[in-house]
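Only one structure is covered here, and it is reproduced in the block below.
4 protein chains.
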Amino acid sequence: MPKQPAAARRSAASRAAILEAAFELVGEVGYGRLGIEAIASRAGVGKQTIYRWWPSKGAVLFEAILVRGFGDGEEPVPLPDTGDLEADLRTVLRATALELASPEVDRPLRALTAAMVEDEALAEEYRIRVEEPTREAKRARLRSAQRAGQLPASLDLDIAIDAIFAPMAHRWLTRSGPLTEEYADALLETALNGLRHHGPN
Amino acid sequence: MPKQPAAARRSAASRAAILEAAFELVGEVGYGRLGIEAIASRAGVGKQTIYRWWPSKGAVLFEAILVRGFGDGEEPVPLPDTGDLEADLRTVLRATALELASPEVDRPLRALTAAMVEDEALAEEYRIRVEEPTREAKRARLRSAQRAGQLPASLDLDIAIDAIFAPMAHRWLTRSGPLTEEYADALLETALNGLRHHGPN
Amino acid sequence: MPKQPAAARRSAASRAAILEAAFELVGEVGYGRLGIEAIASRAGVGKQTIYRWWPSKGAVLFEAILVRGFGDGEEPVPLPDTGDLEADLRTVLRATALELASPEVDRPLRALTAAMVEDEALAEEYRIRVEEPTREAKRARLRSAQRAGQLPASLDLDIAIDAIFAPMAHRWLTRSGPLTEEYADALLETALNGLRHHGPN
Amino acid sequence: MPKQPAAARRSAASRAAILEAAFELVGEVGYGRLGIEAIASRAGVGKQTIYRWWPSKGAVLFEAILVRGFGDGEEPVPLPDTGDLEADLRTVLRATALELASPEVDRPLRALTAAMVEDEALAEEYRIRVEEPTREAKRARLRSAQRAGQLPASLDLDIAIDAIFAPMAHRWLTRSGPLTEEYADALLETALNGLRHHGPN
DNA sequence: ATTTAACCGAGACGGTACGTCACGTCTTCTA
DNA sequence: TAGAAGACGTGACGTACCGTCTCGGTTAAAT
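Protein chains in written order, with the UniProt record's numbering: chain A, 1 to 201; chain B, 1 to 201; chain C, 1 to 201; chain D, 1 to 201.
Rendered as structure tokens:
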């Protein structure tokens, strides 16, 4: 095993202070007015320390939100599986609606979205590290339902996931209506009705 | 009759040049790197002429896209109504998929989205001037289908519209899959199945 | 008398309002921050009306100060001539010291000086319309003294005037000391001593 | 020994380039048209580097002229003292006349004067760093003449200095006549005559 | 235990763009 | 046709950040 001659000794304290500062600031001023100098200043850190370890302010923000919001540890968080698909999805959708409606989740998530709309590389990283694991968990739950005969076996799972989850995400992003449990229930009923009657052609 | 206080009027040529320049530039450099000075310079216009008439670069971009993409004239563009709901929606969804997949629509629309994620006032204006008229046209088509007995009368039309159209918009925004006619058709089938089996409770 | 077919009908009210506004403003913000737009705005006048009649802000200021400070009417104001040269000059110098020390004269005169240091054409106009008439009045008084045998006939009058009056002007401009009657008297005594003992070579 | 807080230091090269550029530009366009951006651009320097170290364009110009014209090193340059007061002052006054008449001195000195007329703080700094040391050197020479019996002991030295030097400065500033050696000699003769006959009352 | 090289905070640097201000010209309308 | 109003192209202002680059100083691995 080749040994590094003088390895990078990254400061864990600085990293934590930077992510903390970035998270706070994005909640205060939004993504557009977030700046590297402000992060460095609030974190009590030199600018170079940020530039050394992250390629863009979007990347800092992304990591800050991952650490705070999703725990940093990468366990995929499976969907509940009680045997009752509709009940399980209702639980998830209602929880999602409540989360998206709360400012603690809304503000940083919106900032993250702004970052990704402008930065395709960041969007790709999000897809790999967040979106795809989440989607795989959803696929697993739907496959379980298929095995239980609650959904047709011919179903395209990605279309099914889109049909169930996308409308709420879209309403959140565009603020085109309130994110209530009633909305979640109505969406779910419509989507499941459509999926159950899906023909195999 | 009260007489006007002899005001200097707004230059139509400058306004057109600014919107043209903004539209071109956002296609070349994206929303993040779009700047007022670059717009003014390319339009052959003073910066103050932009600041005098628009509150932000997002507002300029918004108007530029409206003028170019949607024609500026505010006719609501009704959905086709041949009597066959599914065929009509298929036409619309397929066309939407093709449009969103084309760079000419994708680039500026993504820029506009970036602007709106950061700027709530802009999002509100979009909702009033674009989203709501479009949605009303969709509601009109669905009401027609209800009258024809093709959809349950008890249907919540806004949920129906979300179920039909949101998944494609979401896939476009997140680039989570290809925007094909097959995808359009599959989404539509799922959504309509769900809507047709909607119970009146 | 031939009548003009459609002559320029300059508005006396506008001219007066402009000069008044310029004089006020220069006292409030100084020459450097004085601007055409501010003058026009305070005078309730269009900018073009200023540009039509004056070539520069310095010219407006010059005329404003002439009108206010020196009466606009061009009578040369002779020096007193009681027969006692020293007493007459003492009267004039003491009065000058008091005037220069008062803010009402100091502020606009300093602004006018600033204008002239930067603008040679303005300085030339000042020389012709203010400095030279004033100097001629001084020459007349000194010539009278020569005729009375109080000063040598061989005296170069311009050097004499410089010797008597320049030190006070210089101290005022550079703020290198207080402008008191004592200073005026001491200067005068020194200068007159020098001039009286002037040899004819 | 207390250790410095590890500060990034000022760039001597940038400082020199800025002063050089300012000096050149003021000779080309004059004080009124001198601008920070033009200085920065010619010096190959960011504007912020100027704003960081100087409070105004006048301050830059002041330092530029000090460095170029007076050497930056603060030795007071004593007046010549050969024992013959009149000859010594003639040397100085003639040299001053020649310098003020030369464009290399006239242009920047006039610009500096323009700056000081508008900016009292700058004038104060000039008084402390240039005017007062110069005046002290003159006082020293006059005191020496008093000790040699060439001037009355009761003389107020500041009035004497004004009487000898101010007329030439005033003629230079107002361009009211040519700055020749003859003028210098005539002024000096007049002033010294006046000073020598000064009575002790 | 000492060396030593990367990391760290700080912040100056050359730049770019910001949003504001005033310039001097012009166009429109009124008196 | 002079004048009030004010939009226009122009360009400098002073500020905010960008991303790069020294500066000492402080560690922790490799001598």
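Every residue, glycine too, gets a C-beta built ideally from N, C-alpha and C.
(request) Let me know the secondary structure DSSP gives R42(A) once reduced to three states. (result) Your numbering for residue 42(A) matches position 42 in the first sequence. Reduced to three states, the DSSP call for R42(A) is helix.
(request) Please decide whether V117(C) counts as near chain D, where near means a Cβ-Cβ distance under 8 Å. (result) Taking the third sequence and counting its residues from 1, one reaches residue 117(C) at position 117. It does: the Cβ of V117(C) has a partner Cβ on chain D nearer than 8 Å.
(message) For Y51(B), count the other beta carbons within 10 Å of its own beta carbon; 16 or more makes it buried, fewer makes it exposed. Which is it?
(response) Position 51 of the second sequence, counting from 1, holds the residue named residue 51(B). Under this definition Y51(B) is an exposed residue.
(message) 8 Å is my cut-off, CB to CB: does residue 231(A) come that close to chain B?
(response) There is no way to answer for residue 231(A), as the model of chain A reaches only from 1 to 201.
(request) Would you mind listing the alpha helix (DSSP H) stretches within the UniProt domain "HTH tetR-type" (12-72) of chain C that are 4+ residues and don't spill past its ends, in chain order? (result) 12-29, 36-43, 47-53 and 57-65
(request) Taking only beta-carbon positions, decide if Y31(B) is within less than 8 Å of chain A. (result) The residue given as residue 31(B) occupies position 31 in the second sequence. Yes, Y31(B) counts as interfacial toward chain A.
(message) Please report the straight-line C-alpha distance between Y126(C) and F62(D), rounded to a whole angstrom.
(response) Counting from 1 along the third sequence, the entry for residue 126(C) is found at position 126. Counting from 1 along the fourth sequence, the entry for residue 62(D) is found at position 62. Going from the Cα of Y126(C) to the Cα of F62(D) covers about 27 Å.
(message) I want to verify the contact list: residues of chain A whose CB lies under 9 Å from the CB of R42(B), in sequence order.
(response) For this step, residue 42(B) is matched to residue 42 along the second sequence. What R42(B) touches in chain A: nothing, since even the nearest Cβ is about 21 Å away.
(request) Along the alpha helix (DSSP H) that carries E181(A), what are the first and last residues, could you check? (result) In the first sequence, counting from the first residue as 1, residue 181(A) sits at position 181. Here the alpha helix (DSSP H) through E181(A) covers E181 to R196.
(message) Is G194(C) close to chain D? Criterion is C-beta to C-beta, closer than 8 Å.
(response) In the third sequence, counting from the first residue as 1, residue 194(C) sits at position 194. Chain D contact via Cβ: present.
(message) Nearest by alpha-carbon distance to A13(B): which of L179(B), L34(B) and T49(B) is it?
(response) For the purposes of this step, residue 13(B) is taken as the residue at position 13 of the second sequence. Comparing Cα-Cα distances from A13(B) to each of L179(B), L34(B) and T49(B), the minimum goes to T49(B).
(request) Flag I159(D) as yes if its beta-carbon sits less than 8 Å from any beta-carbon of chain C, otherwise no. (result) As a position in the fourth sequence, residue 159(D) is number 159, starting the count at 1. So, interface residue.
(request) On a CA-only basis, which of E120(B), P178(B) and R171(B) is nearest G30(A)? Give me that one, please. (result) Along the first sequence, one-based indexing puts residue 30(A) at 30. Per the Cα distances, E120(B).
(message) Can you check whether the C-beta of T49(C) is within less than 8 Å of a C-beta belonging to chain D?
(response) Start at 1 with the first residue of the third sequence, and residue 49(C) comes out as number 49. Not one chain D Cβ lies under 8 Å of T49(C).
(message) For a test of the three-state rule: what should DSSP assign to A148(B), helix, strand or coil?
(response) As a working note, residue 148(B) is residue 148 in the second sequence. The answer is coil: DSSP assigns A148(B) none of H, G, I, E or B.
(message) Using the Cβ count rule (16 or more neighbours within 10 Å means buried), how would you classify I128(C)?
(response) Counted from its first residue, the third sequence places residue 128(C) at position 128. Under this definition I128(C) is an exposed residue.
(message) When you compare the CB positions of T190(C) and G194(D), do they come within less than 8 Å of one another, or not?
(response) Looking up residue 190(C) in the third sequence gives position 190. Looking up residue 194(D) in the fourth sequence gives position 194. Contact flag set, yes.
(request) Mind listing the chain D neighbours of R175(C)? Cutoff is C-beta to C-beta under 7 Å, in chain order. (result) Numbered from 1 along the third sequence, position 175 holds the residue referred to as residue 175(C). Those are A123, listed as they occur along chain D.
(request) From the DSSP output, in three-state form, read off V77(D) for me. (result) Along the fourth sequence, one-based indexing puts residue 77(D) at 77. The answer is coil: DSSP assigns V77(D) none of H, G, I, E or B.
(message) Within 10 Å of its beta-carbon, does P108(A) have 16 or more other beta-carbons around it, so buried, or fewer, so exposed?
(response) Residue 108(A) sits at position 108 when you count from the first residue of the first sequence. Buried, since its Cβ has 16 or more Cβ neighbours within 10 Å.
(message) Tell me the rounded alpha-carbon separation between A145(C) and L151(C).
(response) Position 145 of the third sequence, counted from the first residue, corresponds to residue 145(C). Position 151 of the third sequence, counted from the first residue, corresponds to residue 151(C). Rounded to the nearest angstrom, the two C-alpha atoms are 6 Å apart.
(request) Take K47(A) and list the residues in its own chain whose beta-carbon comes closer than 7 Å to its own, dropping the five residues that flank it on each side. (result) Translated into the one-based positions of the first sequence, residue 47(A) becomes position 47. Only I36, E37 and A40 meet the Cβ criterion.
(request) Give a yes or no on whether 8 Å exceeds the smallest Cβ distance from E181(B) to chain A. (result) For the purposes of this step, residue 181(B) is identified with residue 181 of the second sequence, where counting begins at 1. E181(B) does not count as touching chain A.
(message) For a test of the three-state rule: what should DSSP assign to L142(C), helix, strand or coil?
(response) As a first step, residue 142(C) is located in the third sequence; it is residue number 142 there, counting from the start. Looking at L142(C) - three-state DSSP - the assignment turns out to be helix.
(request) Below 6 Å CB to CB, which residues in the same chain sit around I164(B) once its five sequence neighbours on both sides are set aside? (result) What you label residue 164(B) is simply residue 164 of the second sequence in a count that begins at 1. Contacts found: A191.
(request) Could you work out which residue in E86(C), G44(C), M116(C) and V26(C) is closest to A68(C) when comparing CA atoms only? (result) By one-based count along the third sequence, residue 68(C) stands at place 68. A small correction: the amino acid at residue 68(C) is Arg; Ala does not occupy that position in the sequence shown. Of the candidates E86(C), G44(C), M116(C) and V26(C), the one whose C-alpha sits nearest the C-alpha of R68(C) is V26(C).
(request) Would you mind reading off the limits of the alpha helix (DSSP H) that contains I159(B)? (result) Position 159 of the second sequence holds residue 159(B). Here the alpha helix (DSSP H) through I159(B) covers L157 to T174.
(message) Can you check which of these residues, I159(C), T180(C) and G83(C), is closest to H170(D) by C-alpha distance?
(response) Translated into positions along the fourth sequence, residue 170(D) becomes position 170. Nearest of I159(C), T180(C) and G83(C) to H170(D), Cα basis: I159(C).
(request) Ignore the nearest five residues each way along the sequence and tell me which others in T180(B)'s own chain have a CB closer than 7 Å to its CB. (result) The residue labelled residue 180(B) in the question sits at position 180 within the second sequence. Cβ within range, chain order: A97.
(request) Count the other CB atoms, across all protein chains shown, that sit within 10 Å of the CB of G58(C); report buried if there are 16 or more and exposed otherwise. (result) Mapped onto the third sequence, residue 58(C) falls at position 58. Buried is the call here.
(message) Quick check on the DSSP output: the alpha helix (DSSP H) that includes A111(C) runs from which residue to which?
(response) The residue given as residue 111(C) occupies position 111 in the third sequence. From DSSP, the alpha helix (DSSP H) with A111(C) extends over P103 to E118.
(request) Give the secondary structure of T82(D) by DSSP, where H, G and I count as helix, E and B as strand, and everything else as coil. (result) Translated into the one-based positions of the fourth sequence, residue 82(D) becomes position 82. Coil.
(message) Residues of chain D with CB closer than 7 Å to the CB of T96(C), please, in chain order.
(response) As a position in the third sequence, residue 96(C) is number 96, starting the count at 1. Near T96(C) there are no residues of chain D at all, since even the closest Cβ is about 14 Å away, more than 7 Å.
(request) Please compile the residues from chain C whose C-beta is within a distance smaller than 7 Å of the C-beta of A186(D). (result) In the fourth sequence, counting from the first residue as 1, residue 186(D) sits at position 186. Here the neighbours are D156 and I159.
(message) Run through chain D and tell me which residues come within less than 8 Å of R127(C), C-beta to C-beta.
(response) In the third sequence, counting from the first residue as 1, residue 127(C) sits at position 127. Chain D residues near R127(C): T174, R175 and S176.
(request) Find the residues of chain D that neighbour E131(C), judging by a C-beta separation of less than 8 Å, and give them in chain order. (result) Counting from 1 along the third sequence, the entry for residue 131(C) is found at position 131. The answer, in chain order, is T174 and S176.
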